[in-house]
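Participant: Sharing a structure here in structure tokens format.
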Amino acid sequence: MRKGIHPENYRMVAFKDMSNEDVFLTRSTVNTKETIDVDGVEYPLVKLEISRSSHPFYTGKSKLIDTAGRIDKFKSKYAKFKK
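Residue numbers for the sequence shown follow our numbering, beginning at 505 and rising by one.
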């Protein structure tokens with residue numbers, strides 16, 4: 505391995521899945537201004553939209569996403585280009 509190319513400022517960071525409020529700790533170099541208190545200790549906070557606790561591949565559950573009207577909106581938006 506080449507020396508000097510890997511970051512040295514790893515620290516414990518809390519990642520929070522905003523879809524189900526799951527919080528997990530791991531080491532990271534990510535910069536963030538927000539913090540969260542986990543078990544009486546304050547950690548930098550990174551907010552995620554999806555993680556291992558909410559992704560359908562890992563949970564085995566599919567989530568219903570509201571897509572009503574997207575096709576109609578698309579057709580009306582591009583109808584003016586139709587010949």
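Here a beta-carbon is modelled for each residue, glycine too, at the ideal position from N, C-alpha and C. Note that the structure is predicted; figures quoted are calculated from it, not measured.
Can you give me the C-alpha to C-alpha distance between PHE528 and HIS510, rounded to a whole angstrom?
Facilitator: Taking the straight line joining both Cα atoms gives about 24 Å.
Participant: Can you pull the DSSP bridge partners for ALA583?
Facilitator: For ALA583, which the question treats as bridged, DSSP gives no partner whatsoever.
Participant: State yes or no: is the C-beta of TYR547 within less than 8 Å of the C-beta of ILE554?
Facilitator: No; because the gap between Cβ atoms is not below 8 Å, this pair is not in contact.
Participant: Can you have a look at VAL534 and say buried or exposed, based on whether 16 or more other CB atoms are within 10 angstroms of its CB?
Facilitator: Looking at its Cβ environment, which holds fewer than 16 other Cβ atoms inside 10 Å, VAL534 is exposed.
Participant: For TYR514 and LYS581, I'd like the C-alpha separation in whole angstroms.
Facilitator: Near 47 Å, if we compare the C-alpha coordinates of LYS581 and TYR514.
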